[in-house]
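Peer 1: Those protein sequences? They're chains A and B, same order as listed. Just so you know, we're using the numbering used here here: the first sequence kicks off at 3 and counts up by one. Just so you know, we're using the numbering used here here: the second sequence kicks off at 3 and counts up by one. I am attaching a structure below and will ask some questions about it afterwards.
Number of protein chains: 2
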Amino acid sequence: MRKYYYNKLTAGELINLTKRPAVDFTKAFETVRPILNDVKKDGLKAALNYAKIFDLFDEEEIRVSEKEFIDAENNIDKKSKSAIDLAAKNIEKFHRKQYPKSYSVEIQDGINCSREFRAIENVGLYIPGGNAVLPSTMLMLGIPARIAKCRRVVVCSPAKNGKINYPLLYAAKICGATEFYKIGGAQAIALMAFGSSGIPKVTKIFGPGNQYVTAAKLLASIDQDGAAIDMPAGPSELVVIADKDADPIFAAADLLSQAEHGADSQVVLLSDSEEIVNRINSELVLQLNELPRKEFAEKSLQNFFSLITETLDQAIEFSNRYAPEHLILNFKNADKYRSKIQNGGSVFIGGYSPESAGDYATGTNHSLPTSGFAATFGGVTVEAFMKSMTFQKLSKQGLKKIAPAVETLAEAEGLLAHKKAVSMRFKKFK
Amino acid sequence: MRKYYYNKLTAGELINLTKRPAVDFTKAFETVRPILNDVKKDGLKAALNYAKIFDLFDEEEIRVSEKEFIDAENNIDKKSKSAIDLAAKNIEKFHRKQYPKSYSVEIQDGINCSREFRAIENVGLYIPGGNAVLPSTMLMLGIPARIAKCRRVVVCSPAKNGKINYPLLYAAKICGATEFYKIGGAQAIALMAFGSSGIPKVTKIFGPGNQYVTAAKLLASIDQDGAAIDMPAGPSELVVIADKDADPIFAAADLLSQAEHGADSQVVLLSDSEEIVNRINSELVLQLNELPRKEFAEKSLQNFFSLITETLDQAIEFSNRYAPEHLILNFKNADKYRSKIQNGGSVFIGGYSPESAGDYATGTNHSLPTSGFAATFGGVTVEAFMKSMTFQKLSKQGLKKIAPAVETLAEAEGLLAHKKAVSMRFKKFK
Numbered sequence: 003m004r005k006y007y008y009n010k011l012t013a014g015e016l017i018n019l020t021k022r023p024a025v026d027f028t029k030a031f032e033t034v035r036p037i038l039n040d041v042k043k044d045g046l047k048a049a050l051n052y053a054k055i056f057d058l059f060d061e062e063e064i065r066v067s068e069k070e071f072i073d074a075e076n077n078i079d080k081k082s083k084s085a086i087d088l089a090a091k092n093i094e095k096f097h098r099k100q101y102p103k104s105y106s107v108e109i110q111d112g113i114n115c116s117r118e119f120r121a122i123e124n125v126g127l128y129i130p131g132g133n134a135v136l137p138s139t140m141l142m143l144g145i146p147a148r149i150a151k152c153r154r155v156v157v158c159s160p161a162k163n164g165k166i167n168y169p170l171l172y173a174a175k176i177c178g179a180t181e182f183y184k185i186g187g188a189q190a191i192a193l194m195a196f197g198s199s200g201i202p203k204v205t206k207i208f209g210p211g212n213q214y215v216t217a218a219k220l221l222a223s224i225d226q227d228g229a230a231i232d233m234p235a236g237p238s239e240l241v242v243i244a245d246k247d248a249d250p251i252f253a254a255a256d257l258l259s260q261a262e263h264g265a266d267s268q269v270v271l272l273s274d275s276e277e278i279v280n281r282i283n284s285e286l287v288l289q290l291n292e293l294p295r296k297e298f299a300e301k302s303l304q305n306f307f308s309l310i311t312e313t314l315d316q317a318i319e320f321s322n323r324y325a326p327e328h329l330i331l332n333f334k335n336a337d338k339y340r341s342k343i344q345n346g347g348s349v350f351i352g353g354y355s356p357e358s359a360g361d362y363a364t365g366t367n368h369s370l371p372t373s374g375f376a377a378t379f380g381g382v383t384v385e386a387f388m389k390s391m392t393f394q395k396l397s398k399q400g401l402k403k404i405a406p407a408v409e410t411l412a413e414a415e416g417l418l419a420h421k422k423a424v425s426m427r428f429k430k431f432k
Numbered sequence: 003m004r005k006y007y008y009n010k011l012t013a014g015e016l017i018n019l020t021k022r023p024a025v026d027f028t029k030a031f032e033t034v035r036p037i038l039n040d041v042k043k044d045g046l047k048a049a050l051n052y053a054k055i056f057d058l059f060d061e062e063e064i065r066v067s068e069k070e071f072i073d074a075e076n077n078i079d080k081k082s083k084s085a086i087d088l089a090a091k092n093i094e095k096f097h098r099k100q101y102p103k104s105y106s107v108e109i110q111d112g113i114n115c116s117r118e119f120r121a122i123e124n125v126g127l128y129i130p131g132g133n134a135v136l137p138s139t140m141l142m143l144g145i146p147a148r149i150a151k152c153r154r155v156v157v158c159s160p161a162k163n164g165k166i167n168y169p170l171l172y173a174a175k176i177c178g179a180t181e182f183y184k185i186g187g188a189q190a191i192a193l194m195a196f197g198s199s200g201i202p203k204v205t206k207i208f209g210p211g212n213q214y215v216t217a218a219k220l221l222a223s224i225d226q227d228g229a230a231i232d233m234p235a236g237p238s239e240l241v242v243i244a245d246k247d248a249d250p251i252f253a254a255a256d257l258l259s260q261a262e263h264g265a266d267s268q269v270v271l272l273s274d275s276e277e278i279v280n281r282i283n284s285e286l287v288l289q290l291n292e293l294p295r296k297e298f299a300e301k302s303l304q305n306f307f308s309l310i311t312e313t314l315d316q317a318i319e320f321s322n323r324y325a326p327e328h329l330i331l332n333f334k335n336a337d338k339y340r341s342k343i344q345n346g347g348s349v350f351i352g353g354y355s356p357e358s359a360g361d362y363a364t365g366t367n368h369s370l371p372t373s374g375f376a377a378t379f380g381g382v383t384v385e386a387f388m389k390s391m392t393f394q395k396l397s398k399q400g401l402k403k404i405a406p407a408v409e410t411l412a413e414a415e416g417l418l419a420h421k422k423a424v425s426m427r428f429k430k431f432k
């Protein structure tokens with residue numbers, strides 16, 4: 003396992019350590035482009051055709067029926083149901099506070115400007131499937147959409163043997179999803195972005211996915227007839243900053259919980275204590291052997307590295323440059339370092355705040371920016387399901403007061419009709 | 003000038019009226035792709051090469067000097083200076099209220115979750131140039147960036163004869179822009195997105211531009227090494243809803259102020275009174291002849307249409323489907339219809355609220371979503387220059403309480419290391 007010393011690295015070497023393995027989307031774009039084009043042209047028919055080829059979907063009905071939702075609610079095991087209920091309650095509690103408030107300003111006498119928010123009416127949520135069962139992602143996207151009061155909440159997720167698992171259907175139901183289609187992959191993204199007869203298009207698509215799903219979302223986002231997207235998604239990441247008093251068992255368990263996601267998951271350990279780094283590294287090897295997903299975690303650990311810094315501030319500086327999706331601050335008085343964290347999707351403070359708590363049940367969102375995008379994007383929020391609008395109301399006197407400024411700037415910009423739209427309003431009264 | 007009657011149109015015909023003329027980016031993508039690739043590879047050198055070819059730029063120094071800023075401040079004419087100062091003051095006053103507040107929630111005993119915002123550190127602002135002088139756009143982007151406290155605010159705008167005009171430089175100075183480069187077009191977008199030696203890349207690019215600038219922004223937004231963008235930009239638009247008491251002179255002047263932007267500008271008139279529609283149409287012809295930019299306005303009016311509805315509610319319903327960039331409600335008691343407006347970038351209420359007031363000086367932002375994107379995006383805000391982060395801190399007892407839910411969901415999703423990251427923390431104390 004690689005180990006670096008901050009003070010022995012050049013500035014260039016440090017920057018290289020913040021880089022993620024490049025994901026070349028060129029091939030994925032080429033693969034999904036014809037899928038998007040076909041679905042844009044032939045709608046559901048084309049989407050079903052691809053679902054048949056890629057997912058062996060050969061049902062007649064793609065839409066989940068009311069009966070299937072009721073079955074799920076009646077037959078889901080009690081333990082899963084109460085876990086989903088608790089997670090939903092906490093997610094609701096955390097996200098409700100994000101509902102944006104309107105404001106109004108009296109800019110000058112007779113000039114009132116205000117801002118209000120409205121829900122995006124048609125949104126699409128993509129929930130990956132295959133062998134995984136992901137009710138948590140459904141909650142993370144569906145609850146903010148419900149709080150925002152989106153009119154149509156369309157969910158797409160691939161079926162297994164024609165069926166969607168109970169936990170996912172139950173989670174979709176409590177989120178108030180209005181439509182659920184048994185379809186995954188790029189064809190699902192295309193179906194939501196372009197719509198079809200009986201399935202109106204959505205204007206924004208949320209949710210994680212493999213590289214084909216991501217490529218399809220990216221292409222849809224630059225298509226005039228497509229849909230906006232939540233953020234570009236990449237492999238999941240975790241940075242742990244630990245000091246000498248951190249429990250190596252906890253830190254290793256946290257690193258492995260990220261590493262098990264997949265071979266391309268990124269995990270990084272930062273510390274001002276070489277001793278704890280060595281102890282965590284040994285612990286990693288021990289715990290790794292007990293994991294059912296050992297194969298994934300082992301591959302992911304090939305990209306793993308530790309960086310030994312002189313101070314915790316140096317570790318935070320590196321983490322800010324790295325801009326991790328998840329960041330665990332497993333050191334004394336970590337709470338006091340909050341304001342120093344500039345870039346990071348979700349931050350976990352102290353020894354009893356493992357990432358998996360936030361992944362599932364504390365209420366924060368787990369749809370987070372990866373690949374360094376945490377420097378630019380936040381995770382999914384209620385506001386992401388809404389858009390702002392500004393309103394302004396001027397009285398005759400209010401307009402008169404700013405008329406000279408408007409006229410001067412319009413003239414400077416060579417837009418005389420802009421000037422006239424103001425001067426006309428006073429001319430005839432002269 | 004085309005005139006339709008709402009009740010005589012089929013649903014399909016109504017939907018067609020909400021469609022903008024398609025902008026095919028295929029060609030623009032092909033044109034700008036090599037520019038992006040070259041600048042990504044060779045940085046400033048490649049960017050300057052394109053600036054030479056497209057803009058005949060042959061200066062040695064691309065960066066605006068401190069002296070040029072001081073010259074601009076000393077030599078700008080007084081009228082422009084005070085117009086810019088007033089606009090800046092109002093924009094600051096309106097946008098300051100957008101600075102997002104942190105919040106903190108005690109989710110359960112021992113589980114504290116919070117959200118905070120941080121400025122995006124490196125942002126790029128594109129200000130179109132050529133023959134136009136656009137200090138207003140500089141203010142609309144630069145002031146929110148200043149309020150957000152972005153560390154680096156990089157501005158690009160093409161020079162004319164090697165110079166940037168005084169109003170734009172003065173506006174950039176009062177916004178606190180940290181760097182200003184004399185370069186426009188796709189090469190400017192590429193330079194900001196990928197950076198160069200001595201010019202670190204930015205991670206989000208804002209600002210309007212022609213189809214090549216927009217195409218370059220779109221491609222940069224789906225490049226892993228590129229930059230996020232504010233929104234997809236298209237030709238400017240205005241919908242006016244007028245009732246029988248609206249002043250036809252005002253309404254016509256407003257429509258023309260939008261039409262003069264360019265041949266592809268979209269203007270639409272909605273009314274429940276055919277008489278006022280006829281009067282506004284006659285007034286349009288009269289006023290058109292007095293405009294210096296008559297040629298643009300005339301071409302734009304070829305796409306213009308009026309729609310006569312039975313009621314104002316019907317007009318609003320159509321406008322919501324159209325989702326205009328600008329919307330003027332020039333009818334009695336328009337204020338009461340606020341909550342019915344679902345989709346629209348900036349809304350102007352009453353007879354004395356012309357669009358040009360908001361374009362320049364009331365304080366609202368004029369960087370707004372076009373092409374129907376107002377259904378999904380809002381205009382530029384302070385929040386657009388920031389990103390959110392979540393923090394969570396659990397006590398041992400807090401984690402213990404949600405442990406069963408986390409463990410159940412992790413197990414359901416087949417992620418055993420996620421489960422262990424929680425159970426490990428209690429195991430050794432058992």
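Backbone N, C-alpha and C fix where the C-beta goes; we use that ideal spot for every residue, glycine too. None of the values given here were measured: they were computed from a predicted structure.
On the three-state DSSP scale, how would you describe Glu327(B)?
Peer 2: If DSSP states are grouped into helix, strand and coil, Glu327(B) belongs with coil.
Peer 1: Helix, strand or coil, according to DSSP, for Asp172(B) in the structure here?
Peer 2: It should be pointed out that residue 172(B) corresponds to Tyr in this sequence rather than to Asp. In the structure shown, Tyr172(B) sits in a helix (DSSP, three-state: H, G or I).
Peer 1: If you count every other CB in all the chains shown that lies within 10 Å of the CB of Lys432(A), and 16 or more means buried, which is it?
Peer 2: Summary for Lys432(A): the model assigns pLDDT 38, below 50, so the residue's position carries little reliability, and this model does not support an answer.
Peer 1: Residues in the same chain with beta-carbon distance under 7 angstroms from Gly365(B), minus the five sequence neighbours each way, listed in chain order, please.
Peer 2: Counting only Cβ-Cβ distances below 7 angstroms, and skipping sequence neighbours, we find Asn92, Ile93, Lys95 and Phe96.
Peer 1: At a cut-off of 7 angstroms, would you count Ile109(B) as near the ligand SAM, judging by its Cβ distance to the nearest heavy atom?
Peer 2: As far as ligands go, the structure on display features none, and thus does not contain the ligand SAM.
Peer 1: For the stretch 244-259 of chain B, which residues have a beta carbon sitting closer than 7 angstroms to at least one beta carbon of chain A?
Peer 2: Taking 7 angstroms as the Cβ-Cβ cut-off against chain A, the residues of the stretch 244-259 of chain B that qualify are Ile251, Phe252, Ala255, Asp256, Leu258 and Ser259.
Peer 1: Are any of the Cβ atoms in chain B nearer than 8 angstroms to that of Ile113(A)?
Peer 2: Closer than 8 angstroms: yes.
Peer 1: Do Arg65(A) and Ala196(A) have their beta-carbon atoms positioned less than 8 angstroms apart in this structure?
Peer 2: Per the sequence shown, residue 196(A) should be read as Phe rather than Ala. Cβ distance not < 8 angstroms, so Phe196(A) and Arg65(A) don't count as in contact.
Peer 1: Using the Cβ count rule (16 or more neighbours within 10 Å means buried), how would you classify Gln304(A)?
Peer 2: Gln304(A) comes out exposed.
Peer 1: Using only CA atoms, which one of Thr216(B), Tyr128(B), Lys389(B) and Glu413(B) lies nearest to Gly120(B)?
Peer 2: First, the amino acid is wrong: residue 120(B) is Arg here, not Gly. The option with the nearest alpha carbon to Arg120(B) is Lys389(B).
Peer 1: What does DSSP give as the partner residue(s) for Gly126(B) in the beta ladder?
Peer 2: Answer is Val156(B) and Ile207(B), bridged to Gly126(B).
Peer 1: Helix, strand or coil for Asn39(B) per DSSP?
Peer 2: Helix at Asn39(B).
Peer 1: Work out the CA separation of Thr139(B) and Phe393(A) for me, nearest whole Å.
Peer 2: Their backbone Cα atoms lie some 19 angstroms apart in a straight line.
Peer 1: For Lys395(A), report the span of its beta strand (DSSP E) as first-last.
Peer 2: Its beta strand (DSSP E) spans residues Met388 to Leu396.
Peer 1: Please report the distance separating the alpha-carbon of Glu276(A) from that of Pro234(B).
Peer 2: Their Cα atoms are separated by approximately 48 angstroms.
Peer 1: Name the chain B residues whose beta carbon is nearer than 7 angstroms to that of His328(A)?
Peer 2: Chain B residues near His328(A): none, gap ~10 angstroms exceeds 7 angstroms.
Peer 1: For Asp274(B) and chain A, any beta-carbon pair shorter than 8 angstroms?
Peer 2: Chain A contact via Cβ: absent.
Peer 1: From Val156(B) to Phe306(B), what distance separates their C-alpha atoms?
Peer 2: Computed Cα separation, rounded: 38 angstroms.
Peer 1: What does DSSP give as the partner residue(s) for Val135(A) in the beta ladder?
Peer 2: In DSSP, Val135(A) forms no bridge with anything.
Peer 1: Give the straight-line distance between the Cα atoms of Glu123(A) and Ala48(A), rounded to the nearest whole angstrom.
Peer 2: Straight-line Cα distance between these residues: approximately 25 angstroms.
Peer 1: Applying the criterion that 16 or more other CB atoms from any shown protein chain within 10 Å of the CB defines a buried residue, is Lys342(A) buried or exposed?
Peer 2: The residue in question, Lys342(A), is exposed, as its Cβ has fewer than 16 Cβ neighbours within 10 Å.
Peer 1: Quick one: is Asn367(B) near chain A, going by C-beta distance under 8 angstroms?
Peer 2: Yes, because at least one Cβ of chain A sits closer than 8 angstroms to the Cβ of Asn367(B).
Peer 1: Quick check: what's the CA-CA separation for Lys296(B) versus Glu118(B)?
Peer 2: Distance between the alpha carbons of Lys296(B) and Glu118(B) is about 50 angstroms.
Peer 1: Could you compute how far the alpha carbon of Ala174(A) sits from the alpha carbon of Leu136(A)?
Peer 2: Between Ala174(A) and Leu136(A), the C-alpha separation is close to 11 angstroms.
Peer 1: So, for Asn322(B): in the same chain, excluding its five sequence neighbours on each side, which residues have a beta-carbon less than 6 angstroms away from its beta-carbon?
Peer 2: Only Gln344 and Asn345 meet the Cβ criterion.
Peer 1: Could you give the residue range of the beta strand (DSSP E) that holds Val349(A)?
Peer 2: Start and end: Ser348 to Ile351.
Peer 1: Any idea which residues DSSP pairs Leu309(A) with across the strands?
Peer 2: Beta-bridge pairing links Leu309(A) to Tyr6(A) and Leu272(A).
Peer 1: Among Arg427(B), Gln268(B), Arg340(B) and Phe320(B), which has the Cα closest to the Cα of Tyr8(B)?
Peer 2: With distances taken between Cα atoms, Tyr8(B) lies closest to Phe320(B).
Peer 1: Could you tell me the distance, in whole angstroms, from the CA atom of Ile330(A) to the CA atom of Lys29(A)?
Peer 2: So the alpha carbons of these two residues sit roughly 34 angstroms apart.
Peer 1: Thr180(B) CB to nearest chain A CB: under 8 angstroms?
Peer 2: No - not a single Cβ of chain A is within 8 angstroms of the one on Thr180(B).
Peer 1: Helix, strand or coil: how does DSSP classify Asn332(A) here?
Peer 2: If DSSP states are grouped into helix, strand and coil, Asn332(A) belongs with the strands.
Peer 1: In angstroms with no decimal places, state the Cα-to-Cα distance between Lys103(B) and Val384(B).
Peer 2: Near 12 angstroms, if we compare the C-alpha coordinates of Val384(B) and Lys103(B).
Peer 1: With 8 angstroms as the threshold, decide whether the Cβ of Ile343(B) is near any Cβ in chain A.
Peer 2: Closer than 8 angstroms to some Cβ of chain A, the Cβ of Ile343(B) qualifies, so yes.
Peer 1: In chain A, what lies closer than 9 angstroms to Arg427(B) by C-beta?
Peer 2: What Arg427(B) touches in chain A: Asp249, Ile251, Phe252, Ala255, Gly353, Tyr354 and Pro356.
Peer 1: Beta-carbon within less than 6 angstroms of Ala317(B)'s beta-carbon, same chain only, minus the 5 sequence neighbours each way: which residues are those?
Peer 2: If we look at Ala317(B) and ignore the five residues flanking it on each side, its Cβ neighbours are Ile243, Leu272 and Thr311.
Peer 1: Quick one: what's Lys165(A) bridged to in DSSP?
Peer 2: Lys162(A), per the DSSP bridge assignment.
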